[in-house]
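Heads up, the thing below is written out as C-alpha cells.
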Amino acid sequence: MRTPIFWILFLTFVGAFAAQVARRVQLIAAAPNTFSLQDLPFRVRRFVVDVIFQVQTIRERPLAGTMHALVFWGFVAFGLYTTVEFLHGLGIVDLRHTAWFDVYRVLLAPFAVAVLIGIGYLLFRRAFLRPVALGSHVSMESIVIALFISTLMMTFLLTFPLAEDTVAGRVNWWVHVLVILAFLALIPASKHFHLVLSPITVFLKSPELGNLPNLDFEKEQVGLETVKDLGSKSVLDAFTCVECGRCQVNCPAWGAGKALNPKTIVLQTQEALLAGARDKKLGEVYSEEVLWQCTTCGACENQCPVGIEHLPILIGSRRGLVSNGDAPDYLGSMYNNLERRSNIWGLGYDQRSKFVQSAGLETFDAAKHDVLVWLGCAGSFDADFQKSLRSLFDILRARRVSFGVLAKERCNGDPAKRTGNEYMFQELATSNIDDLKTAAPKKILTSCPHCVKTIGSDYRKFGYEVEVVHSSVFVDELTRDVRSASGQRSTVTFHDPCYLGRYGGHVDEPRALIARFGGDIKEPERNRDNPYCCGAGGGLLFADKEEEPGSRISDVRFKQLRATGAGTVVTACPFCSIMLKGAQASAQADVQFVDLMTFVKDRL
Ligand code: SF4
Ligand code: SF4
C-alpha cells in the first residue's frame, strides 16, 4: 500500500515543484540571451571557492556564513541518502540494506548535527538578533523552512534508535519524506530557491566586476527600456536572490539614506517578471530617481554571495533612459562638454597644452619612451590634481623612467559609459583607441583609477589590449629599494578608491608605499577591497549636491575617515579627492589631504 500512496504524493509535490520551475525557466528562456562562458577556468575556480567552499558567504559574515556553510554541506551530503530513500519509497530499488549504505548513514550523523547547529543559529539570528540587512519583518516562510530542515535532520537521527519495522519507525520515515516533498513544493516561490539556482548563477557571473557589454548600434540596441529587455542572466539573478541584504548594507547610496537599495532592485525585478509585466517601463519598475543614485561602486555585486549582478540592470536601464532623452539635467551639461570639447569640464585644450609645456612633458614616442602617461580629464585640467601629477613626474625622473604623453587626449569615456550614454562612450573610446594604436605604447601609466578600468578593461571589448597601470602600483614596484629620506613617521589614513581597490584589487601597493615612506596607516571603517565610495562615480560628481536626498555619500565617507583620528587623509584618485575635500569644507574640519604621489615624492 505504501508504494501507490507514495507515488501519488510524489507526483503531486514534484508536479507542483516542476510547474513553478517551468514558469521561471520560461521567463529566463524568453529573455535576450546574456549568458556567457567566457574565461571558463576562472569560472570553475570561483565555483570551487565560492560554491563548494563557501568562501564568499563566510568572508563578510564569518559566524552566520559558517553556519550557512554547515547547512549547505549537510544538504550536499544528504543528496544520496534522499535519493536512496525515494527509490525505496517508489518501489524502484531498495539500496538501504547494503554495507556501503550503513557506513554512509553513520558518516551522515555528524553532518546532521552540524546542520541542526547551523539552522538553529540562523533561525535565532533572524528571529532575535534581527540584523538590519534582513529587514525588520521576520517572515513565516523562513521559520517554516528552518523547522522543515530541523525536522529532516532529527528524523534522520531517529533512524538510529528506531527500528524501521516498528510503528514509530514507519511514522518517522513518513514524516521525513513528507517534509522533503513539502519543502520541494515550497522552494521555487521562496528565497530558498537559491539552493537550486545559486551554483548556476555563481558560475555564470561575469569574471569582470561591473561587466557592461558594448551596445551594438547596428542591431539597433539602445539599452533596457521595459521588463522584456532584461537579459537572461538578470532574469536568472532575480529568482536567485536570498534576500541576505549584503548588497544593501554595503551600498553607499543606501548607507547615505537615499532611496536606492540594490536588494530592492533585484526583488522588484522578480515581482515584475512574475506579474508578467513585460511591457512595463523599467523607470516605473524601479523609479528613475533611484536609477540615477548609483555610483557604480560595485559593492553590491562584489558582496553578493549568490553571483547576482546589479550593474547590468542599473546601467542598462540608464542606457534606455538616455536613449529616450531622459537623463537628468546635470548630465546633459556634462554630455555637452564631452561632445564639444571631449572633456568633462568643457575646458579648452590650450589649458592642457599649457600644463604639458610647464611640466616639461614630451610627446610620446614608442622608440624613445618606456611608458605613456595618460593624464585624464583631471590631469589635463584640474590644478590640484596637476600638482599630484608633477609629483609623479618627479618620481619617474628620479628613477630614470622615460615617459611621454599623447599630443591630444579625449576623456576616456567612463562618465558617459557609467551613466548610460553608450553612443558617446563608443565615440570617445574608438577615437582614443585610434590615437593609442598610432602611438603604440607597451604600457600606459595613469593616476586615475577610472582611466585604468576604462582603457585597460572596457577598451578590450573593442579589441584593443594594452597594459594600463595605476601610479600606485607602478611607483611601488619602482621604489622597492627606497625608504623615506627623513626617517620620520606620521599617522595617516588611506581612502581606497572603488575603482582601484574593489575593481582593480590593488590594496597592498598603496599601503606598501605609504609604509615605506613614513606613514603609519590607521584604517578607516570600510577599507581595502570593500571601501565606502566617495560618491563621485556613475556621473554623480556632476550632480547638484544641494539637491541630493538623504546625506551626501562624500560626507558619510569623510566622517568615517575623520573618525580614525589621523589628521591626514591620503588619496589616490582625483575624483575621490574632489569629493572628500568638498565634504571637508562643509564640515570645516581640520584635516589635511595629500595625494599618494605627493606623499611619496615629498619623502623621496
Ligand atoms: S554599485 Fe554601489 S552605489 Fe550602485 S547599487 Fe551597487 S552598491 Fe549601490
Ligand atoms: S542581491 Fe545578493 S547580496 Fe543582495 S540581498 Fe540578494 S542575495 Fe543578498
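Going by the working numbering, the sequence shown runs without a break in its numbering and finishes at 608.
Cβ atoms here follow ideal geometry from the backbone N, Cα and C, with glycine treated the same way.
Owing to the predicted nature of the structure, the values given are computational and were not obtained by experimental measurement.
#1: Consider the C-beta atom of Lys267 and the heavy atoms of ligand 2; say whether any pair is separated by less than 6 Å.
#2: How far does the beta strand (DSSP E) with Ser494 in it reach, from first residue to last?
#3: For a minimum of 4 consecutive residues, which ranges assigned as the alpha helix (DSSP H) are wholly contained in the stretch 77-165?
#4: Should Trp11 be labelled buried (16 or more other beta-carbon atoms within 10 Å of its own) or exposed?
#5: Comparing C-alpha positions only, which one of Gln30, Gly311, Gln58 and Phe187 sits nearest to Val270?
#6: DSSP on Thr572, reduced to helix/strand/coil?
#7: On the three-state DSSP scale, how would you describe Trp178?
#8: Grouping DSSP H, G and I as helix and E and B as strand, with all else coil, what is Glu305?
#9: By DSSP, does Leu376 sit in helix, in strand, or in coil?
#10: Could you tell me which whole beta strand (DSSP E) segments of length 3 or greater appear in the stretch 443-479?
#11: Would you say the stretch 11-21 touches the stretch 184-200, given that touching needs at least three Cβ pairs under 8 Å?
#12: Please state the DSSP three-state secondary structure of Gly19.
#13: Does the Cβ of Pro332 have 16 or more other Cβ atoms within 10 Å, making it buried, or fewer, making it exposed?
#14: Comparing alpha-carbon positions, which option in Arg515, Gly522 and Arg556 lies nearest Ser488?
#15: Three or more C-beta pairs closer than 8 Å, one from the stretch 486-502 and one from the stretch 523-539: is that the case here?
#16: How many whole angstroms separate the CB atoms of Pro501 and Cys381, which I take to be in contact at a CB cut-off of 8 Å?
#17: What is the DSSP secondary structure of Thr230, counted as helix, strand or coil?
#18: Of the residues Lys223, Ala137, His72 and Ser210, which one's Cα is nearest the Cα of Ile153?
#19: Okay, do the stretch 54-65 and the stretch 299-317 touch, 3+ Cβ pairs below 8 Å being the bar?
#20: Round the Cβ separation of Ile32 and Leu240 to the nearest angstrom and send it over; I've been treating them as touching at under 8 Å.
#21: Using three-state DSSP, classify Thr170 as helix, strand or coil.
#22: Are Ala276 and Gly554 touching if we call contact CB-CB under 7 Å?
#23: Contact between the stretch 595-605 and the stretch 394-411 is defined here as three or more beta-carbon pairs at a separation below 8 Å; is this criterion met?
#24: Could you give the uninterrupted runs of the alpha helix (DSSP H) lying entirely in the stretch 277-323, keeping only those of 4 residues or more?
#25: Which first and last residues belong to the beta strand (DSSP E) in which Gln596 is found?
#26: Between Leu99 and the rest of its own chain, which residues show a CB-CB distance below 8 Å, the 5 nearest in sequence each way excluded?
#27: Buried or exposed for Pro45, please, with buried defined as at least 16 other CB atoms from any protein chain shown within 10 angstroms of its CB.
#28: DSSP beta-bridge partners for Ile525?
#29: To the nearest angstrom, report how far apart Val119 and Asn416 are at their CA atoms.
#30: Expressed to the nearest angstrom, what Euclidean distance is found between the alpha-carbon atoms of Trp77 and Tyr125?
#31: Helix, strand or coil: which one does DSSP assign to Thr61?
#32: So is Lys267 buried or exposed if we call it buried at 16+ other beta carbons inside 10 Å?
#33: On the three-pair Cβ rule with 8 Å, is the stretch 537-547 touching the stretch 465-475?
#34: Which two residues bound the contiguous alpha helix (DSSP H) that contains Asn347?
#35: Please report the straight-line C-alpha distance between Val25 and Trp258, rounded to a whole angstrom.
#36: Give me the Cα-Cα distance between Gly227 and Trp178, rounded to the nearest whole angstrom.
Considering the structure as presented:
#1: As a position in the sequence shown, residue 267 is number 263, starting the count at 1. Yes, the Cβ of Lys267 comes within 6 Å of a heavy atom of ligand 2.
#2: Reading the sequence shown from its first residue, position 490 is the one you call residue 494. Ser494 to Phe498 is the span of the beta strand (DSSP E), which, as asked, contains Ser494.
#3: 103-128 and 144-162
#4: If you number the sequence shown from 1, residue 11 lands on position 7. By the neighbour-count rule (16 or more Cβ atoms within 10 Å), Trp11 is not buried but exposed.
#5: The residue labelled residue 270 in the question sits at position 266 within the sequence shown. Selected option, being the one with the closest Cα: Gly311.
#6: Working through the sequence shown from its first residue, we reach residue 572 at position 568. The answer is strand: DSSP assigns Thr572 an E or B state.
#7: Translated into the one-based positions of the sequence shown, residue 178 becomes position 174. Three-state DSSP puts Trp178 in a helix.
#8: Here residue 305 corresponds to residue number 301 of the sequence shown, with the count starting at 1. Note: Glu305 maps to helix in three-state DSSP.
#9: Against the sequence shown, residue 376 aligns to sequence position 372. Leu376: strand per DSSP, three-state reduction.
#10: 447-450 and 471-474
#11: yes
#12: Along the sequence shown, one-based indexing puts residue 19 at 15. Three-state DSSP puts Gly19 in a helix.
#13: Translated into the one-based positions of the sequence shown, residue 332 becomes position 328. Per the 10 Å Cβ criterion, buried.
#14: Here the question's residue 488 lines up with position 484 in the sequence shown. Ranking the options by Cα distance to Ser488, first place goes to Gly522.
#15: yes
#16: Counting from one through the sequence shown, the residue named residue 501 turns up at place 497. Counting from one through the sequence shown, the residue named residue 381 turns up at place 377. About 15 Å separates the two Cβ atoms, so there is no contact after all.
#17: Translated into positions along the sequence shown, residue 230 becomes position 226. Thr230 falls in the strand class under three-state DSSP.
#18: Position 149 of the sequence shown holds residue 153. Nearest of Lys223, Ala137, His72 and Ser210 to Ile153, Cα basis: His72.
#19: yes
#20: Counted from its first residue, the sequence shown places residue 32 at position 28. Counted from its first residue, the sequence shown places residue 240 at position 236. So it is a contact: roughly 5 Å between Cβ atoms.
#21: Position 166 of the sequence shown, counted from the start, is the residue given in the question as residue 170. Three-state DSSP puts Thr170 in coil, outside helix and strand.
#22: Position 272 of the sequence shown holds residue 276. Position 550 of the sequence shown holds residue 554. Cβ distance not < 7 Å, so Ala276 and Gly554 don't count as in contact.
#23: yes
#24: 292-295 and 303-307
#25: Start at 1 with the first residue of the sequence shown, and residue 596 comes out as number 592. Where Gln596 is concerned, the enclosing beta strand (DSSP E) stretches over Gln596 to Asp599.
#26: Taking the sequence shown and counting its residues from 1, the one referred to as residue 99 is at position 95. Excluding sequence neighbours, Leu99 sits near Val88, Leu91, His92 and Phe105.
#27: Walking along the sequence shown from the start, residue 45 turns up at place 41. Flag for Pro45 reads exposed.
#28: Stepping through the sequence shown from its first residue, residue 525 is reached at position 521. The partner list for Ile525 (beta bridge, DSSP) reads Val496.
#29: For the purposes of this step, residue 119 is identified with residue 115 of the sequence shown, where counting begins at 1. For the purposes of this step, residue 416 is identified with residue 412 of the sequence shown, where counting begins at 1. Cα to Cα, the separation comes out at about 51 Å.
#30: On the sequence shown, residue 77 is found 73 positions in, with the first residue counted as 1. On the sequence shown, residue 125 is found 121 positions in, with the first residue counted as 1. Their Cα atoms are separated by approximately 16 Å.
#31: By one-based count along the sequence shown, residue 61 stands at place 57. Reduced to three states, the DSSP call for Thr61 is helix.
#32: Position 263 of the sequence shown, counted from the first residue, corresponds to residue 267. Lys267 is buried by the Cβ-count criterion.
#33: no
#34: Residue mapping note: residue 347 aligns to position 343 of the sequence shown, counting from 1. Element bounds for Asn347: n/a, residue is neither H nor E.
#35: If you number the sequence shown from 1, residue 25 lands on position 21. If you number the sequence shown from 1, residue 258 lands on position 254. Going by the C-alpha atoms only, they are around 32 Å apart.
#36: For the purposes of this step, residue 227 is taken as the residue at position 223 of the sequence shown. For the purposes of this step, residue 178 is taken as the residue at position 174 of the sequence shown. Cα to Cα, Gly227 sits roughly 52 Å from Trp178.
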